[in-house]
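For the sequence shown, numbering that gives the first Met the number 0 assigns the number 0 to the initial residue and increments by one for each residue that follows.
For glycine and all other residues, C-beta sits at the position ideal for the given N, C-alpha and C.
Just so it is clear, the structure is predicted and the values come from calculations on it, not from any experiment.
Right, one structure below, let's go through it.
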Amino acid sequence: MLEVVNLRKSYKDIDALRGVDLHIAGGEIVGVLGRNGAGKTTMASIFAGTCPLDGGSVHIDGLDISRRPVPARRKVGYAAQEISIYPVLSVRENLRFFGELCGLRGRGLRERCEEVAAAVRLEGHLARRGSDLSGGEKRRLHTGIALMGRPLLLILDEVTAGVDTQSRAVILALVRKLATEGAAVYYSTHYLPEIEEIGASVVILKDGLVAARGAIESVVAEHCQPMVRVVFSAEPLLGPISFPTRRRGPVVEIYADAPSVILPRVLAEFGSASETIRSVELVQPSLESAYLRVTGEPDDETPLEKIRDVALA
Ligand SMILES: Nc1ncnc2c1ncn2[C@@H]1O[C@H](COP(=O)(O)OP(=O)(O)O)[C@@H](O)[C@H]1O
Ligand SMILES: [Mg+2]
Numbered sequence: 000m001l002e003v004v005n006l007r008k009s010y011k012d013i014d015a016l017r018g019v020d021l022h023i024a025g026g027e028i029v030g031v032l033g034r035n036g037a038g039k040t041t042m043a044s045i046f047a048g049t050c051p052l053d054g055g056s057v058h059i060d061g062l063d064i065s066r067r068p069v070p071a072r073r074k075v076g077y078a079a080q081e082i083s084i085y086p087v088l089s090v091r092e093n094l095r096f097f098g099e100l101c102g103l104r105g106r107g108l109r110e111r112c113e114e115v116a117a118a119v120r121l122e123g124h125l126a127r128r129g130s131d132l133s134g135g136e137k138r139r140l141h142t143g144i145a146l147m148g149r150p151l152l153l154i155l156d157e158v159t160a161g162v163d164t165q166s167r168a169v170i171l172a173l174v175r176k177l178a179t180e181g182a183a184v185y186y187s188t189h190y191l192p193e194i195e196e197i198g199a200s201v202v203i204l205k206d207g208l209v210a211a212r213g214a215i216e217s218v219v220a221e222h223c224q225p226m227v228r229v230v231f232s233a234e235p236l237l238g239p240i241s242f243p244t245r246r247r248g249p250v251v252e253i254y255a256d257a258p259s260v261i262l263p264r265v266l267a268e269f270g271s272a273s274e275t276i277r278s279v280e281l282v283q284p285s286l287e288s289a290y291l292r293v294t295g296e297p298d299d300e301t302p303l304e305k306i307r308d309v310a311l312a
């Protein structure tokens, strides 16, 4: 449904996208992760046709968005990062307005408004003004607006930012349902558990490039290893450790498939340095630890390949 090859975009001297390849099939949800400034919104706005690309190509349902922008854009529903509803219009009027932009009229438009209002659980609020909705209700309306034209490609840019648990559950259930019905979904978020909850595969963007892509399990397996993480009160003086080890100041990470099994031996090898241990954690690979590894922990200097080399040596 979405085929992106070598996508590039710069804002003056900032290279926001530096050659992104991405494929999203119909029925697939891709959870797009990355630190602030990684390029998630730039990419979303290019797919939605609100921002021109500088290089590479984007095809939506086979249509090249640079050559055939109008029909390509009709396939897309876009909920931008910033909430864009009309505060003075009611929920119904907001849905009607955006439905008209999608070419709906008359009975079809009325029915679609009812359907979408029900899908985002605002059916009891159709007459309320946009400005009078709660934060979560605004996000739901904003998300609903993106559905009006029955898009084949749905672009949702941080649609659950700052919403309450109930609104989040409504939105996540809706995203899953739309994918089940065949839509391709680009879903950017900072909430990693959502990715697992909606059954998405993962793209991790870093500095305008795809740094990891795949099913959650494969991204986790590729970028994370089980370990014992020991934090000392200060950088410790340690003798040789018989497992692959990575040190960052007071933090020492020891890699092994079964961290709990090696723990006694590790503590013995620490010798008297053990007295200055502040905490010991048995870390199992998770999406969060993979994400941190890929996007960089604040004081992270050692690339994973280095650790692998040690492990193989
Ligand atoms: N309109 C703009 N003008 C100049 N720089 C921009 C603009 N939009 C985004 N950027 C820059 O492009 C990079 C990517 O931003 P963005 O796509 O918003 O990232 P994300 O959504 O992942 O936080 C950042 O360095 C950001 O500062
Ligand atoms: Mg953004």
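If you ignore the 5 residues before and after Gly213, its C-beta comes within less than 8 angstroms of the C-beta of Ser200, Val201 and Glu221, all in its own chain and listed in chain order.
Shortest gap from the CB of Glu81 to any heavy atom of ligand 2: 7 angstroms or more. Its chain contains Gly25 and Gly26 as the residues whose beta carbon lies nearer than 7 angstroms to that of Gly181, once the 5 sequence neighbours on both sides are disregarded; these appear in chain order.
Restricting attention to beta strand (DSSP E) runs no shorter than 3 residues, the stretch 27-115 encloses them at 28-32, 54-59 and 75-78, ordered along the chain. Contact check for Val282 against Pro225 passes: the beta carbons are separated by less than 8 angstroms. By the C-beta criterion, the stretch 147-156 is judged not to be in contact with the stretch 119-132, since fewer than 3 inter-stretch pairs fall below 8 angstroms.
The shortest C-alpha to C-alpha distance from Ile45 to any of Ala117, Gly33 and Val4 is the one to Val4. In the DSSP annotation of this structure, Glu157 is not part of any alpha helix (DSSP H), being labelled neither H nor E.
A direct Cα-Cα distance of roughly 13 angstroms separates Glu234 from Ser271. DSSP places Asp206 in the coil class of the three-state scheme, outside both helix and strand. In the DSSP annotation of this structure, the continuous segment of the alpha helix (DSSP H) that includes Ser259 starts and ends at Pro258 to Phe269.
Annotation: Thr49 to Lys8 spans about 13 angstroms, alpha carbon to alpha carbon. With respect to the 8 angstroms criterion, Leu140 and Val174 are not classified as neighbours on the basis of their beta carbons. By the CB criterion at 8 angstroms, Ala47 and Val75 fall inside the cutoff. The three-state reading of DSSP puts Tyr290 in helix, counting H, G and I together. The three-state secondary structure of Asp12, taken from DSSP, is coil. Those residues placing their Cβ nearer than 6 angstroms to any heavy atom of ligand 1 are, following chain order, Tyr10, Ile13, Ala15, Gly33, Asn35, Gly36, Ala37, Gly38, Lys39, Thr40 and Thr41.
A contact is defined here as three or more CB-CB pairs under 8 angstroms, and the stretch 26-38 meets this definition with respect to the stretch 181-199. Apart from sequence neighbours up to five positions away, the residues of its chain that approach Val230 with a beta-carbon distance below 7 angstroms are Pro249, Val250, Arg277 and Ser278, ordered along the chain. Counting along the chain, the unbroken beta strand (DSSP E) around Ile253 starts and ends at Val250 to Tyr254. Secondary structure of Ile276 (DSSP, three-state): strand. Given a length threshold of 3 residues, each whole run of the beta strand (DSSP E) inside the stretch 186-241 is given here in chain order: 200-205, 208-213 and 226-231. Annotation: Arg245 is outside any alpha helix (DSSP H); the continuous beta strand (DSSP E) that includes it extends over Thr244 to Arg247. Taking the Cβ atoms as the reference, Val227 lies roughly 5 angstroms from Pro258, within the contact range of under 8 angstroms.
Residue range Thr164 to Thr179 is occupied by the alpha helix (DSSP H) that includes Ser166. Put simply, the backbone Cα of Val158 is about 48 angstroms away from that of Leu236. Its chain contains Leu125, Ala126, Arg127, Arg128 and Gly129 as the residues whose beta carbon lies nearer than 8 angstroms to that of Ser89, once the 5 sequence neighbours on both sides are disregarded; these appear in chain order. Annotation for Glu136: the continuous alpha helix (DSSP H) segment containing it runs Gly134 to Leu146.
The Cβ-Cβ distance between Leu155 and Val115 does not fall below 8 angstroms. It is roughly 33 angstroms from the alpha-carbon of Cys223 to the alpha-carbon of His58. Phe97 and Ser232 have their alpha carbons spaced roughly 58 angstroms apart.
Residue state for Ala126 is assigned as coil, using DSSP reduced to three classes. When the beta-carbon positions are compared, Val293 and Ala211 come within less than 8 angstroms of each other.
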